Amino acid sequence: MDFLRPASWEEALAAKAEHPTAVPIAGGTDVMVEINFDHRRPEYLLDLNRIGELRDWVVGEENVELGASVPYTHIMEHLRAELPGLALASHTVASPQIRNRGGVGGNLGTASPAGDAHPALLAAGAEVEVESVRGARRIPIDAFYTGVKRNALAPDELIKSVHIKKADGPQQYSKVGTRNAMVIAVCAFGLALHPETRTVRTGIGSAAPTPVRARDAETFLNAALDEGGFWDSGKIITPSVAKQFADLVAGACNPIDDVRGTAKYRRHAVGIMARRQLGWTWEQYRTDGGGTGRTLEGAA
Amino acid sequence: MRVNFTVNGRRQEADDVWEGESLLYVLRERMGLPGSKNACEQGECGSCTVRLDGVPVCSCLVAAGQAEGREIITVEGLADYAKHRDEAHPGDGCASGSCGTSLQRAQRWRAGGTDSGTGEAGELSPIQQAFIDAGAVQCGFCTPGLLVAADEMLEHNPSPSDADIREALSGNLCRCTGYEKILDAVRLAAARQEEAV
Ligand SMILES: Cc1cc2nc3c(=O)[nH]c(=O)nc-3n(C[C@H](O)[C@H](O)[C@H](O)COP(=O)(O)OP(=O)(O)OC[C@H]3O[C@@H](n4cnc5c(N)ncnc54)[C@H](O)[C@@H]3O)c2cc1C
Ligand code: FES
Ligand code: FES
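Residue numbers (full-length UniProt numbering), protein chains in the order written: chain G, 1 to 300; chain D, 1 to 197.
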């Protein structure tokens with residue numbers, strides 16, 4: 001095994017081009033587990049820790065550009081207002097020690113259907129900026145997950161950052177697990193209201209081969225809110241609308257039975273989370289005009 | 001490969017490190033510092049917790065090469081680190097490399113003193129003394145990781161709520177104590193810290 005330690009982003013891209021099989025290591029919270037347990041013996045490890053810009057973020061007009069290696073702890077501490085859904089999701093990851101190391105770039109690299117960042121990114125709206133010596137491109141988050149633990153990266157590409165739409169309304173995230181810390185999601189759900197465009201977006205975790213949006217549910221709710229004049233009146237959403245939304249979200253799941261839960265349970269639980277989160281976010285929208293000042297606690 | 005880093009405030013180097021080796025392995029097997037424990041090697045238990053540039057991390061998940069040029073504090077250096085923090089950098093940590101604990105001293109470190117049951121005449125940090133006084137140590141396997149995590153929390157949060165303590169220690173598993181005495185110990189250390197200022 002060789003340990004490559006590029007000191008700059010350009011060096012990292014050159015190293016990845018020269019050794020496309022090299023395994024990038026950022027926080028190491030996925031990679032090191034595989035190495036410790038002999039599940040992986042890469043020829044090259046490509047350490048990204050020396051590349052300072054991967055740990056930076058920039059808050060722009062429309063988006064936050066989040067460096068691939070920004071640890072979850074920083075997202076929770078510094079980006080709660082701009083990225084409330086992702087901050088809530090970050091807080092549910094593992095433990096303080098893991099959150100001090102792991103970040104969204106690694107979560108995207110692993111692309112596990114259970115990764116907590118994914119539903120929040122899907123709901124907020126995001127693009128993954130990837131680069132190789134051939135050039136840079138932005139992959140819409142919807143096109144990033146290509147299969148179970150597969151993503152749209154080419155072998156010579158690295159993830160540089162994620163451009164995430166700044167919250168323009170309330171967002172929520174919750175996951176089902178056996179306890180509060182150190183829990184891989186049995187299933188997870190994220191919801192973002194976007195009052196500026198009068199749309200809602202969703203993200204489902206651990207209930208399909210990849211993280212997915214519940215598109216039919218979004219289309220239904222967008223139309224129902226629009227037709228009922230809900231965005232203007234701010235009145236309470238009709239229970240039948242909330243129920244239909246939840247049913248459509250549950251229907252978007254394509255889960256499996258495994259040790260953590262059955263497919264039936266997952267579908268059911270995702271529907272419940274969808275209904276509750278719609279209630280929480282809508283209540284917040286109604287009461288403070290869609291401002292993001294107050295963040296309701298998500299239930300883990 | 002060779003790794004150069006600062007352990008407990010002193011420059012050290014480790015040779016013949018395998019590229020896939022963890023920082024935990026280097027500390028235990030190459031530096032002779034077995035205080036950080038190896039239980040799960042997958043980030044679940046926190047018994048390998050050390051501070052990397054001040055931040056608590058699972059050393060089993062840090063590749064040794066990633067520690068190059070960085071500062072590590074292990075439980076063996078905790079007493080000196082805490083003492084030094086109180087004296088030279090009140091309310092803060094020290095990362096200069098001029099202070100610190102020599103490897104020989106760290107290797108010889110024992111909780112013992114003249115009485116390992118009470119910690120009397122031992123070199124203990126306040127959090128270590130509090131763990132002994134509160135009866136928070138049974139088999140002791142989880143203790144080093146908890147000490148490092150709890151000490152770090154008290155460094156930046158001197159009067160933690162119970163929820164703060166639970167959160168800060170949520171990455172550390174203990175199979176013996178049922179956690180109540182551990183919470184008592186951290187509350188005790190926090191109270192003593194308050195009294196001292
Ligand atoms: C005990 C424990 C509990 C966990 N709990 C959770 C949890 O609750 N929720 C959750 O979502 N995850 C959890 N994880 C998984 C892990 O912490 C996350 O997936 C984390 O986001 C990984 O980030 P990292 O920087 O540590 O990634 P690494 O381990 O460094 O890398 C992960 C993958 O991404 C690739 N990669 C990293 N950076 C880049 C880049 N810039 N460009 C291209 N590829 C890259 C790596 O090659 C590797 O394939 C847990 C892990 C452990 C050990
Ligand atoms: S040994 Fe590192 S967390 Fe358990
Ligand atoms: S005292 Fe035995 S594991 Fe905690």
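We put the beta carbon where it would ideally sit given N, CA and C, even for glycine.
Model, not experiment: these values are computed from the prediction.
Please determine whether the Cβ atom of ALA39/D lies at a distance below 7 Å from any heavy atom of ligand 2. For ALA39/D, the shortest C-beta to heavy atom distance toward ligand 2 is below 7 Å.
Can the beta-carbon of GLY67/G be found closer than 8 Å to that of LEU54/G? Yes, the pair counts as a contact, with Cβ atoms nearer than the cut-off.
Can you determine whether any heavy atom of ligand 3 sits closer than 7 Å to the C-beta of CYS187/G, and answer yes or no? No, ligand 3 has no heavy atom inside 7 Å of this Cβ.
Any idea what DSSP makes of TYR72/G, helix, strand or coil? Correct three-state label for TYR72/G: helix.
I'd like to know whether the C-beta atoms of GLY43/D and THR92/G end up nearer to each other than 8 Å. Their beta carbons are not under 8 Å apart, which means GLY43/D does not touch THR92/G by this criterion.
Just the chain G side, please: which residues come within less than 9 Å of THR49/D by C-beta, in chain order? What THR49/D touches in chain G: GLN97.
Where the beta strand (DSSP E) through ARG51/D begins and ends: That run of the beta strand (DSSP E) goes 49-52.
Quick check: does the Cβ of PHE141/D come within less than 7 Å of any heavy atom belonging to ligand 3? Within the cutoff, so yes.
What does DSSP give as the partner residues of CYS45/D in its beta bridges? Note: CYS45/D sits in no beta bridge, so no partner.
Tell me the rounded alpha-carbon separation between PRO52/D and ALA67/D. Correcting the residue identity first, residue 52/D is Leu in this sequence and not Pro. Straight-line Cα distance between these residues: approximately 8 Å.
For the candidate residues VAL70/G, ILE51/G, CYS253/G, SER95/G, whose alpha-carbon lies nearest to that of PRO211/G? Considering only alpha carbons, the answer is CYS253/G.
Is DSSP giving ALA191/D helix, strand or coil here? In the displayed model, ALA191/D falls within a helix according to three-state DSSP.
I'd like to know whether the C-beta atoms of MET1/G and GLY20/D end up nearer to each other than 8 Å. Yes; because the gap between Cβ atoms is below 8 Å, this pair is in contact.
Answer yes or no: does any C-beta atom of chain D fall closer than 8 Å to that of LEU45/G? The beta carbon of LEU45/G falls within 8 Å of a beta carbon belonging to chain D, placing the residue at that interface.
List the residues of chain D whose Cβ lies closer than 8 Å to the Cβ of GLY115/G, in chain order. Those do not exist, as GLY115/G stays about 15 Å from chain D at its closest Cβ, beyond 8 Å.
If you measure from the beta carbon of GLY97/D to each beta carbon in chain G, is any gap under 8 Å? Any reading at GLY97/D needs caution, since the residue's pLDDT is 44, under 50, leaving its predicted position unreliable; the model's value is listed next. Chain G contact via Cβ: absent.
Taking only beta-carbon atoms, is PRO56/D less than 8 Å away from chain G? With a threshold of 8 Å between beta carbons, PRO56/D makes contact with chain G.
Is there a Cβ of chain D sitting closer than 8 Å to that of ALA181/G, yes or no? It does; some Cβ of chain D falls within 8 Å.
Nearest-angstrom Cα separation, counted from ALA185/D out to SER112/G: For the pair SER112/G and ALA185/D, the Cα-to-Cα distance works out to about 38 Å.
Runs of alpha helix (DSSP H) lying entirely within the segment 128-170 of chain D, each at least 4 residues, in chain order: With a minimum length of 4 residues, the unbroken runs of alpha helix (DSSP H) contained wholly in the segment 128-170 of chain D fall at 143-156, 162-168.
Less than 8 Å between the CB atoms is what I'm expecting for VAL26/D and ALA64/D, so what's the real figure, rounded? In this structure VAL26/D touches ALA64/D by the C-beta definition: roughly 5 Å separates them, less than 8 Å.
Distance cutoff 8 Å, beta carbons only. Does CYS174/D sit that close to anything in chain G? No Cβ of chain G is located within less than 8 Å of the beta carbon of CYS174/D.
So with CB distances below 8 Å, who are the chain G contacts of ALA88/D? Those within 8 Å of ALA88/D in chain G number zero; the least Cβ separation is about 25 Å.
Contacts of THR29/G in chain D (Cβ-Cβ under 7 Å): Simply GLY43, LEU61.
Within chain G, the residues that SER170/D reaches when beta carbons sit closer than 8 Å: Within chain G, the residues placing a beta-carbon under 8 Å from that of SER170/D are SER95, PRO96, ASN180, ALA181, MET182, ordered along the chain.
In its own chain, which residues sit with a C-beta less than 7 Å from the C-beta of ALA15/G, not counting the 5 before and 5 after it? Result list for ALA15/G: LEU4, PRO6, ALA22, LEU46, in chain order.
Distance cut-off 7 Å: ASN4/D Cβ against heavy atoms of ligand 5: Looking at this structure, you won't find ligand 5 anywhere; what it does contain is ligand 1, ligand 2 and ligand 3.
When you compare only the Cα positions, how much space is there between ALA88/D and LEU33/D? Taking the CA atoms as reference points, ALA88/D sits about 25 Å from LEU33/D.
Name the residue from LEU61/D, ILE132/D, CYS174/D whose alpha carbon lies nearest to the alpha carbon of ILE25/G. Looking at LEU61/D, ILE132/D, CYS174/D, the one whose alpha-carbon comes closest to that of ILE25/G is LEU61/D.
Within the 8 Å Cβ cut-off, does ASN151/G reach chain D? Not one beta carbon of chain D lies nearer than 8 Å to the beta carbon of ASN151/G.
VAL128/G and ILE159/G closer than 8 Å at C-beta: In this structure, VAL128/G places its C-beta atom within 8 Å of the C-beta atom of ILE159/G.
List the whole-angstrom C-beta distance separating PRO119/G from ALA188/G, where the pair is believed to meet the contact cut-off of C-beta under 8 Å. With a beta-carbon spacing of about 5 Å, PRO119/G and ALA188/G fall inside the 8 Å limit used to define contacts.
Is it right to say CYS58/D is buried, meaning 16 or more other beta carbons lie within 10 angstroms of its own, or is it exposed? Buried, by the Cβ-count rule.
Please decide whether ASN36/G counts as near chain A, where near means a Cβ-Cβ distance under 8 Å. Looking at the structure shown, chain A is missing, and the protein chains on hand are G and D.
Hey, is VAL64/G close to ligand 3, as in C-beta under 7 Å from one of its heavy atoms? No; taking the cut-off as 7 Å, the Cβ of VAL64/G has no heavy atom of ligand 3 nearer than that.
Which same chain residues, not among the five before or five after GLU61/G, have their C-beta less than 7 Å away from its C-beta? Here the set comprises nothing.
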